[in-house]
Amino acid sequence: MSYQLINPATGEPMETIEHASIEQADEAIARAKTAQAHWAALAPADRAAILRKFAQVVDADLETLAALEVRNSGHPITQARWEAGHVARVLEYYSAGPERLIGKQIPVAGGIDITFHEPLGVVGIITPWNFPMTIASWGFAPALAAGNAVIVKPAEWTPLTTMRLGELALEAGVPEGVFQVLVGRGSVVGNRFVTHTDVRKVVFTGSTEVGKTIMRGAADQIKRITLELGGKSANIVFADADVDKAAAAAPSAVFENAGQDCCARSRILVEASVYDRFMEGLEKSVKAYKVGDPTDEATEMGPLVTAGHKESVESFLGDVPIAFRGQAPEGPGNWFAPTVLLPKSNDDRCLREEIFGPVVAVVPFKDEAEALELANNTEFGLSGSIWSRDVGRVIRVARGVQSGNLSVNSHSSVRYSTPFGGFKQSGLGRELGPDAPLHFTEEKNVFIPHD
Ligand code: NAP
Ligand code: MG
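If you want the numbering used here, it's the position in the sequence shown, counting the first as 1, plus 276.
As structure tokens, then:
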């Protein structure tokens, strides 16, 4: 089995990538199991040094990685560079992990009691196509820091940067078998991570639908899982906010990466009294949003990842009135102009389902209570923004929105030093932040008597 990659900006066929079989997955898991024992036995400072070296090698390769992501995924070059740099920063941050997996000494009668954070063993990481290298690093860096071996299965549409990271790991001195990249279908290689008893944890980022399948499968072995799934996040703009600033910032909060972002603020809720003023500002900022050739330094948004995905995004444009659209190139490539919808009902599909494209729906609200009700009227709960100058309101609304990651008067992107993950059907568990290595360990308690 193989898959022919196509450049999303030009429609030109590129590399054909061979897909691994179940047998090859089993061989990789066996290699990882053997390699993990040696990796975990290394002195913590030595593991830390290798991870720091891995970060340096990624930094040195930044332009190559960024160019690969432009070609394979259509990400604008400035964003692709940020993504490659982010991988290096994540590795640096977790390179401190091996020496900081500190247990406890607990007072007990008759002896001492101490805890250890033992690595799980082999960890399988399944990534989606929207942010191939950054999302992989959120799993592999803390997992490696905690003494695990990892196998990353990238999405079949976007394997190139992950494959390159596999080469860079070896170049950096990560021992063979400790960090492997296995390209293959989700239903074959990804599913093998779920069914194979030597894979002790599966980190999955992708659709809620596949996440549920993984969770069901993991039950057979009580396998550890982290799930980062879909989103339908709200950008809530109150009348007491800097409305012009909110309108100017709204496009990048949903159109970045062409809306193929689980944190996309794809629902804008605006207090009715400032609705007209907000829409005027939004129209200006949407029309000014620079969509085009991803190799151009000035481009803010590239094409959608595949022609098939473009069709799926188009399916949301049916009967819903369109307020206005931005611009996009004509001709070959999966281009889609940023689009602002005005749904008539709260049950409209564009307000309930994740579109994963440059489409945003605007809904007016009358007061704070209604804003919260609308914001929480979704099965998802990943991200969101609150625009207001009233500190009390900001605190009330931030506590009231059922979502894992909120930003106030801004649309902050993910930070590696703070926890990230979803409420409700947006996921299970947290990635990133200071505690991430612990999520790749089992806590062991040992009692040693005095006599
Ligand atoms: P997807 O279809 O769920 O696929 C994600 C990954 O799972 C791919 O590598 C896919 O492999 C694999 N997969 C598919 N079926 C599988 C199975 N039965 N067992 C094991 N693995 C399987 O999602 P997508 O279409 O790539 O990505 C878009 C979704 O990801 C959106 O819903 C988005 O919200 C979500 N997402 C969430 C976050 C977050 O952090 N919360 C971040 C980014 C994206 P193949 O495609 O190669 O077959
Ligand atoms: Mg898919």
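Even for Gly, the Cβ is constructed at its ideal location relative to N, Cα and C. All figures in this text were calculated on a predicted structure; none of them were measured in a lab.
Checklist entry - So does R625 have its beta carbon nearer than 8 Å to some heavy atom of the ligand NAP? => result R625: no, Cβ never under 8 Å from the ligand NAP.
Item to check | Distance between P527 and H687 (C-alpha atoms, nearest Å) | outcome: C-alpha separation (whole angstroms): 10 Å.
Next on the checklist: From the DSSP secondary-structure annotation, give me the bridge partner or partners of R543.
Outcome noted: R543 is bridged to A510, A637.
Checklist entry - Taking three-plus beta-carbon pairs below 8 Å as touching, is the stretch 391-401 in contact with the stretch 359-371? => result No, they do not touch.
Item to check | Presumed contact (8 Å Cβ cut-off) between M409 and L341, rounded CB distance | outcome: With 8 Å as the limit, M409 and L341 qualify as a contact, their Cβ atoms being about 7 Å apart.
Checklist entry - Should V486 be listed as close to the ligand NAP, given that the test is whether its C-beta is under 8 Å from any heavy atom? => result V486: yes, Cβ under 8 Å from the ligand NAP.
Checklist entry - Do you know how far the Cα of N406 is from the Cα of A336? => result A336 and N406 have their C-alpha atoms some 23 Å from each other.
Next on the checklist: Rounded to the nearest angstrom, what separates A360 and S702 at their Cα positions?
Outcome noted: C-alpha of A360 to C-alpha of S702: approximately 25 Å in a straight line.
Next on the checklist: Shorter than 8 Å, the distance from the beta carbon of P430 to the closest heavy atom of the ligand NAP, or not?
Outcome noted: Indeed, a heavy atom of the ligand NAP lies less than 8 Å from the Cβ.
Item to check | C-beta contact flag for K563 and A574 at 9 Å | outcome: Cβ distance not < 9 Å, so K563 and A574 don't count as in contact.
Next on the checklist: Is the separation between the beta-carbon of A510 and that of I544 shorter than 9 Å?
Outcome noted: Yes, Cβ-Cβ distance for A510 and I544 is below 9 Å.
Checklist entry - Taking Cβ to Cβ, would you say G379 is nearer than 9 Å to I388? => result No, the Cβ-Cβ distance between G379 and I388 is not below 9 Å.
Next on the checklist: Relative to the C-alpha of P374, which candidate in R476, H314, V428, A419 has its C-alpha closest?
Outcome noted: If we check each option's Cα against that of P374, A419 comes out closest.
Next on the checklist: I'd like to confirm something about S591: is its beta-carbon nearer than 8 Å to some heavy atom of the ligand NAP, or not?
Outcome noted: No, Cβ of S591 sits at least 8 Å from all heavy atoms of the ligand NAP.
Checklist entry - Span of the beta strand (DSSP E) holding M290? => result Its beta strand (DSSP E) spans residues 289-294.
Checklist entry - Taking three-plus beta-carbon pairs below 8 Å as touching, is the stretch 479-492 in contact with the stretch 500-509? => result Contact holds between the stretch 479-492 and the stretch 500-509, because three or more Cβ pairs, one in each stretch, are under 8 Å apart.
Checklist entry - Rounded C-beta distance between F455 and V479? I'm assuming under 8 Å. => result Rounded, the Cβ-Cβ distance is 14 Å, inconsistent with contact.
Checklist entry - Leaving out five residues before and five after R691 in sequence, what residues of the same chain have Cβ atoms less than 8 Å from its Cβ? => result Excluding residues within five positions, the ones whose Cβ falls inside 8 Å are L708.
Item to check | T437, buried or exposed, once every other Cβ within 10 Å from all chains shown has been counted against 16 | outcome: Counting the other Cβ atoms within 10 Å of the Cβ of T437 gives 16 or more, which makes it buried.
Next on the checklist: Would H351 and N533 qualify as a contact pair, given that the criterion is a beta-carbon distance under 9 Å?
Outcome noted: The beta carbons of H351 and N533 sit closer together than 9 Å.
Next on the checklist: Assuming the contact rule is C-beta atoms closer than 8 Å, V636 and L617 should be a hit. Round their C-beta distance to whole Å, please.
Outcome noted: About 7 Å separates the beta carbons of V636 and L617, which is inside the 8 Å limit, making them a contact pair.
Checklist entry - How would you write the range of the alpha helix (DSSP H) that V426 sits in, first residue to last? => result For V426, no alpha helix (DSSP H) encloses it; the enclosing beta strand (DSSP E) starts and ends at 425-429.
Next on the checklist: Let's see if you can read the secondary structure: which residues bound the beta strand (DSSP E) around N681?
Outcome noted: Unbroken beta strand (DSSP E) run through N681: 681-684.
Checklist entry - Does the beta carbon of R461 fall short of 8 Å from some heavy atom of the ligand NAP? => result Yes; taking the cut-off as 8 Å, the Cβ of R461 has a heavy atom of the ligand NAP nearer than that.
Checklist entry - Does the ligand NAP have even one heavy atom less than 8 Å from the beta-carbon of L441? => result Not under cutoff, so the answer is no.
Next on the checklist: If the criterion is Cβ atoms closer than 9 Å, does the pair I293 and Y279 meet it?
Outcome noted: One thing to note: I293 has its Cβ within 9 Å of the Cβ of Y279.
Item to check | Nearest-angstrom Cα separation, counted from Q381 out to N721 | outcome: Computed Cα separation, rounded: 10 Å.
Checklist entry - Would a C-beta distance cut-off of 9 Å place E556 and P640 closer than the cut-off? => result Not a contact, by the Cβ cut-off of 9 Å.
Next on the checklist: Beta-carbon within less than 8 Å of L458's beta-carbon, same chain only, minus the 5 sequence neighbours each way: which residues are those?
Outcome noted: If we look at L458 and ignore the five residues flanking it on each side, its Cβ neighbours are A296, Q300, A301, A304, I427, V428, K429, V465.
Item to check | Own chain, CB closer than 8 Å to Q355, minus 5 neighbours either side, in chain order | outcome: Here the set comprises E532, N533.
Next on the checklist: Between G386, I282, R357, which has its C-alpha nearest F723's C-alpha?
Outcome noted: When only C-alpha atoms are compared, the closest one is G386.
Next on the checklist: Using 8 Å as the cut-off, can you tell me whether the stretch 669-689 makes contact with the stretch 642-657, which would need three or more C-beta pairs spanning the two stretches below that distance?
Outcome noted: Taking a cut-off of 8 Å for Cβ pairs, the stretch 669-689 and the stretch 642-657 touch, as three or more such pairs fall below it.
Checklist entry - Exposed or buried, which one is A317 when buried takes at least 16 other CB atoms within 10 Å? => result By the Cβ-count criterion, A317 is exposed, with fewer than 16 other Cβ atoms from all chains shown falling within 10 Å of its own Cβ.
Item to check | Contiguous beta strand (DSSP E) assignments of at least 3 residues, all confined to the stretch 638-697 | outcome: Considered as a whole, the stretch 638-697 harbours 659-663, 681-684 as its complete beta strand (DSSP E) runs of no fewer than 3 residues, in chain order.
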